[in-house]
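Trainee: Pasting in a structure now, in structure tokens, and then I'll have a few things to ask.
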Amino acid sequence: MTAPALTSASRYYQRWLSADPGRAAKVDALAQLSLAELDFADYLAREADVAQDQPLPLPRAMRRLRNLLVCGLIRRDLEGRADLHEVVTAMTRFADFAIQQHVAALHAEMVALHGQPVGHDSGEEQELMVLAMGKQGGGELNVSSDIDLIFVYPEDGDTVAGPGQRSLSNHEFFVRLGKKLIAAMAEITEDGYTFRVDMALRPNGGSGPLAASLSMVEQYLIVQGREWERYAWVKARAVTGKPADIAALDAIVRPFVFRRYLDFGVIDAIRNMHAQIRAEVNRQERLHPDRSNNVKLGRGGIREIEFLAQVFQLIRGGRDATLRDRSTRATLRILPEKGLLTNDIVLQLLASYTFLRNLEHRLQYLDDAQTHTLPPNEADQLVVAQMMGLPDVATLLARIEAHRKFVAEQFDAMFAEKAQNGSQDADIDPATSNECADPDNLEAIRSRFAALGYDDPAGAAQRLVATWQAPRLQSLPEASRNRLVSLVNAALPLIARTAEQSSIGSQLVTLGSLLDFLEAIARRSAYLSLLTEYPHTLERVIRMMHASGWAAKFLTKHPILLDELLDDRIRNAVFDPVALAAELDGQLEAAAGDTERQMDILREVHHAQLFHLLAQDLAGDLTVEKLADHLSALADVIVAATVQAVWQTVATRHREVPLFAVIAYGKLGGKELGYISDLDVIFLFDDEDQDAPAQYAKLAQRFITWMTSHTSAGQLFDVDIALRPDGASGMLVSSVQAFERYQDNSAWIWEHQALTRARFCAGDAAIGQRFEQIRCQVLRRVRPLDGELKREVQAMRKKMADARPNRSDLFDLKQDAGGMIDIEFIVQYLVLQHAATYSQLTGNVGNIALLKMCGELGLINPELAASVADAYRAFRKLQHQMRLQGQENARVDPARVAVHAAHVIQLWKEILE
């Protein structure tokens with residue numbers, strides 16, 4: 000069928016065209032333009048001026064413009080000159096324009112009768128906010144759609160009536176204005192209508208007032224707002240109103256729609272809403288078989304694609320502002336870069352969405368009817384097929400089925416009931432599973448553990464009973480308790496299986512860790528929902544807790560990290576500090592001005608990255624050295640971002656970019672950071688401004704506060720600044736010149752020892768370069784072999800040993816003679832003694848590399864150097880394994896490390912005694 004023939008197949012288009020001979024030329028001219036950016040004001044004026052004597056009233060002119068626009072879209076769409084974006088954008092812009100024009104005219108008319116509405120508290124003039132909901136709010140309006148609106152006004156009060164005017168309350172004023180607006184657009188006249196208006200989404204629906212104040216909206220959303228309303232309010236967009244009032248409304252709506260936590264409970268809410276929609280569609284199709292093939296609400300239809308996009312918005316939009324776009328298409332496009340859906344799936348969903356929306360429009364082009372179902376007669380079905388560019392009805396039906404099948408599969412992958420998977424079902428006996436939730440039935444619980452093969456069924460039973468009797472579980476809502484019971488029943492066989500497959504850990508310890516965790520999250524229904532909706536996540540939690548007691552405590556303290564276990568990305572993610580820094584800067588920028596949120600962002604990002612590394616560590620994917628490199632680089636990123644963000648909070652700052660640097664010492668300086676290491680740092684500046692010392696002291700103080708404070712998201716790091724010049728009695732920040740003078744004239748030998756592991760961490764790079772020059776200059780100072788260096792190093796080592804005596808029979812990997820501190824002191828001594836001759840020793844390459852270097856240079860026996868390097872590597876690995884199990888003191892049977900310790904003691908004696 001040719002393009003003109005396709006257009007003529009629209010009965011609405013033909014009726015409109017034949018009613019006035021002048022319309023053909025008008026639509027021909029309009030069809031030459033891209034209608035997405037049409038100047039509606041100009042075309043409205045043209046329609047209003049068709050009468051010779053006086054302009055047409057606004058409602059008539061608007062209806063005529065609407066008819067012209069729809070027919071122009073029919074022409075351009077069916078002739079292949081307009082895509083879906085042009086059609087929906089043009090209709091959305093026109094709906095916005097129509098509302099704005101009518102509100103302005105009707106408001107002026109009402110003010111003339113009753114005076115200007117004024118807020119009781121603010122004393123300011125009031126304007127109506129018309130909220131576009133649904134597809135209009137999302138910028139994706141249909142050609143023959145109604146529009147979903149909500150009317151909101153800022154505050155209660157009264158109109159200021161002049162002579163001959165009758166005062167109204169603001170509420171009555173805006174209710175009347177709303178009624179007039181609906182009539183102006185929706186009443187059917189000789190010119191048709193502009194838009195049908197649906198007000199059902201307003202607070203309390205049909206039983207609620209037509210217009211609500213901001214305080215009424217806030218009260219309603221807080222007290223009565225339901226889950227499905229969150230879905231609806233995602234699309235809310237103010238078409239009219241003052242910017243300040245719109246911002247105030249947004250501040251009310253945003254926390255209702257987008258929760259600050261990851262809200263996986265929304266999956267079940269959308270599942271239930273979808274079930275209700277499907278039940279109604281099925282009922283309608285049974286009553287009216289001719290209404291089958293509903294491309295909007297039917298299985299695999301447009302609504303399921305919208306649900307797929309919006310579920311991610313409702314789960315994550317509170318934490319990620321980029322997921323708050325009102326457009327379904329825009330939201331889908333961002334999902335791959337967030338790792339939430341694959342690019343291939345999103346491209347196919349967009350293709351299905353485009354196909355189904357185009358089909359929906361062609362169904363509506365026939366008679367300008369708000370329909371979403373294929374016509375019952377075959378002739379019209381063939382017309383629709385040809386409008387879609389397809390040869391026959393069979394091909395159309397096959398294409399529809401293919402798209403709907405794909406959409407339904409994706410919808411089911413997200414929303415199908417997943418509380419139990421097959422392997423869990425096989426392990427759970429319905430006759431005993433509920434008994435395990437009864438604390439009074441200890442024997443049944445013990446029998447259940449025995450049946451599952453637990454090595455201490457009585458101990459496990461006692462531990463589970465203690466959880467059920469915990470105070471915080473006594474008043475759980477029934478839905479949460481049912482989820483918790485289900486999760487415990489699913490977990491018990493998983494714990495037994497995990498212990499069976501592992502050579503470390505114990506069933507009872509893992510059970511206790513998991514129950515502590517579940518008890519901690521029991522009142523956070525979103526986390527229970529996550530574990531219920533994604534059963535494999537529960538298994539990953541159990542494996543992680545079994546492998547590491549420290550990991551169990553970390554996850555219990557930060558359950559938001561459950562999100563990181565949803566898929567395999569956590570194992571496969573490659574740590575990229577540059578990309579992380581850019582992402583973190585973007586998040587902090589988006590929260591500019593909100594200190595609390597910025598502090599939480601830093602913690603959330605740090606904890607998530609640390610958790611990624613922890614998962615890879617437990618899986619054996621990282622050596623201790625590589626892990627420490629990554630943890631140190633992660634800390635560098637956090638420190639740099641914090642300095643930048645904190646400086647913006649210093650209201651009296653004298654420059655936009657601070658001439659300030661953070662210098663790392665200790666574990667961070669040596670790039671040997673662990674999961675719970677403190678940050679040893681000092682602060683330097685190089686700024687001649689008279690206010691610089693005070694400004695940078697303020698920056699340093701706030702930096703420490705941001706790092707060490709406990710917020711709802713936890714803590715970042717403890718910070719130790721004892722290594723600054725003059726220690727506790729010294730200034731918090733030092734100028735570069737003062738630091739250099741101190742190192743040259745006043746620093747103790749132990750401070751020069753510390754300098755061997757120091758490096759620039761964050762801030763001004765030029766200061767970092769100057770620090771490195773000073774550091775090398777100090778370390779390369781000539782020191783006589785028989786001078787004080789050896790005595791000072793020995794004295795400091797003895798002082799440390801005396802301060803931390805080991806009274807156990809175990810060997811302390813760090814503190815005891817022959818341990819890690821001895822190795823570190825040996826390396827520091829070698830650097831300070833020989834760097835004047837061998838400048839390469841000042842490189843910050845780590846203890847193992849420096850030992851090898853000293854052996855190659857002939858400063859120590861190369862074989863002994865290699866043995867001590869092996870000892871250091873072994874000690875770090877053992878210490879790391881013990882820390883993962885939650886042991887604070889890394890102490891082992893002396894026989895286990897006797898050979899390593901002997902090598903260290905031998906080297907110590909050779910060079911320091």
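To convert, note that position 589 of the sequence shown is 588 in numbering that gives the first Met the number 0; the numbers rise steadily by one, no gaps.
Note that the Cβ used here is the ideal one computed from N, Cα and C, for glycine as well.
Remember, predicted model here, so these are calculated numbers, not experimental data.
For Q423, which three-state DSSP category applies?
Mentor: Low per-residue confidence applies at Q423: pLDDT is 42, beneath 50, and the placement is therefore not dependable, though the value from the model is reported in the following sentence. Helix, per DSSP.
Trainee: Assign G842 to one of three DSSP states: helix, strand, or coil.
Mentor: coil
Trainee: For a test of your reading of the model: does the CB of V216 fall under 7 Å from any non-hydrogen atom of the ligand MG? Yes or no.
Mentor: In the structure shown, the ligand MG is absent, as is every other ligand, since no ligand is present at all.
Trainee: Does DSSP put L130 in a helix, in a strand, or in coil?
Mentor: Three-state DSSP puts L130 in a strand.
Trainee: Starting from the Cα of L451, find the closest Cα among E189, A634, Q506 and G161 and give me that residue.
Mentor: The residue with the shortest Cα to Cα distance from L451 is Q506.
Trainee: With DSSP as the reference, label E124 as helix, strand or coil.
Mentor: E124: strand per DSSP, three-state reduction.
Trainee: Which residues in the same chain have their Cβ closer than 6 Å to the Cβ of A632, if we skip the five residues on either side of it in sequence?
Mentor: Correct list, in chain order: P576.
Trainee: If we count the other Cβ atoms within 10 Å of its Cβ and call it buried at 16 or more, is E189 buried or exposed?
Mentor: exposed
Trainee: Can you name the residues that DSSP bridges to Y152?
Mentor: Looking at the DSSP output, Y152 bridges to S212.
Trainee: Any idea if A521 is buried or exposed, counting beta-carbon neighbours within 10 angstroms, 16 or more meaning buried?
Mentor: buried
Trainee: Does the count of Cβ pairs from the region 230–248 and the region 169–187 closer than 8 Å reach three?
Mentor: no
Trainee: Please name the residue, chosen from L788, V151, I276 and G191, that lies closest to G240 on a Cα-to-Cα basis.
Mentor: Comparing Cα-Cα distances from G240 to each of L788, V151, I276 and G191, the minimum goes to V151.
Trainee: Might you give, ordered along the chain, the residues of its own chain that have their beta carbon closer than 6 Å to the beta carbon of A580, omitting 5 neighbours on each side?
Mentor: V636
Trainee: DSSP beta-bridge partners for R758?
Mentor: A663
Trainee: State yes or no: is the C-beta of Q115 within less than 8 Å of the C-beta of E123?
Mentor: no
Trainee: Which residues in the same chain have their Cβ closer than 6 Å to the Cβ of L64, if we skip the five residues on either side of it in sequence?
Mentor: Y42, L43 and E46
Trainee: Are the CB atoms of F448 and F306 nearer to each other than 8 Å?
Mentor: Judged by their CB atoms, F448 and F306 are not nearer to each other than the 8 Å cut-off.
Trainee: If you reduce the DSSP assignment to three classes, tell me which class R895 lands in.
Mentor: Here DSSP, grouped into helix, strand and coil, assigns R895 to helix.
Trainee: G20 to M387, Cα distance in whole Å?
Mentor: Checking the sequence shown, residue 20 turns out to be Pro, not Gly. Roughly 29 Å separates the two Cα atoms.
Trainee: Is I681 helix, strand or coil by DSSP?
Mentor: strand
Trainee: If we ignore side chains and look at the alpha-carbon of each, how far apart do L200 and I146 end up?
Mentor: 11 Å
Trainee: Within this structure, are the beta carbons of A35 and A89 separated by less than 8 Å?
Mentor: yes
Trainee: For V345, which residues in the same chain have their Cβ closer than 8 Å to its Cβ, ignoring the five residues on either side in sequence?
Mentor: L331, R332, L334 and P335
Trainee: Select from R175, H84 and P153 the residue whose C-alpha is nearest the C-alpha of H113.
Mentor: R175
Trainee: Could you check where the alpha helix (DSSP H) with G458 kicks off and where it finishes?
Mentor: Per DSSP, G458 belongs to the alpha helix (DSSP H) from P456 to W467.
Trainee: Where A816 and D743 are concerned, what is the direct C-alpha to C-alpha distance, given to the nearest angstrom?
Mentor: 32 Å
Trainee: In this structure, how does DSSP classify W907 when only helix, strand and coil are distinguished?
Mentor: helix
Trainee: Between which two residues does the beta strand (DSSP E) harbouring Q53 extend?
Mentor: Premise fails: Q53 is in no beta strand (DSSP E) and is neither H nor E.
Trainee: In its own chain, which residues sit with a C-beta less than 8 Å from the C-beta of D155, not counting the 5 before and 5 after it?
Mentor: G118, H119, S168, N169, H170, S212 and S214
Trainee: Name the one or two DSSP bridge partners that T158 has.
Mentor: P116
Trainee: Taking the straight line between their C-alpha atoms, what separation do you get for K908 and D821?
Mentor: 11 Å
Trainee: Which two residues bound the contiguous alpha helix (DSSP H) that contains V645?
Mentor: Residues V623 to Q647.
Trainee: Here's the rule I'm using: 16 or more other beta-carbon atoms within 10 Å means buried, otherwise exposed. How should E202 be labelled?
Mentor: Reading off the sequence, residue 202 comes out as Pro, not Glu. With 16 or more other Cβ atoms within 10 Å, it is buried.
Trainee: State yes or no: is the C-beta of L537 within less than 8 Å of the C-beta of L486?
Mentor: yes
Trainee: Do H606 and H557 come within 8 Å of each other at the CB atom, strictly closer than that value?
Mentor: yes
Trainee: Look up D811 in the DSSP assignment and say whether it is helix, strand or coil.
Mentor: strand
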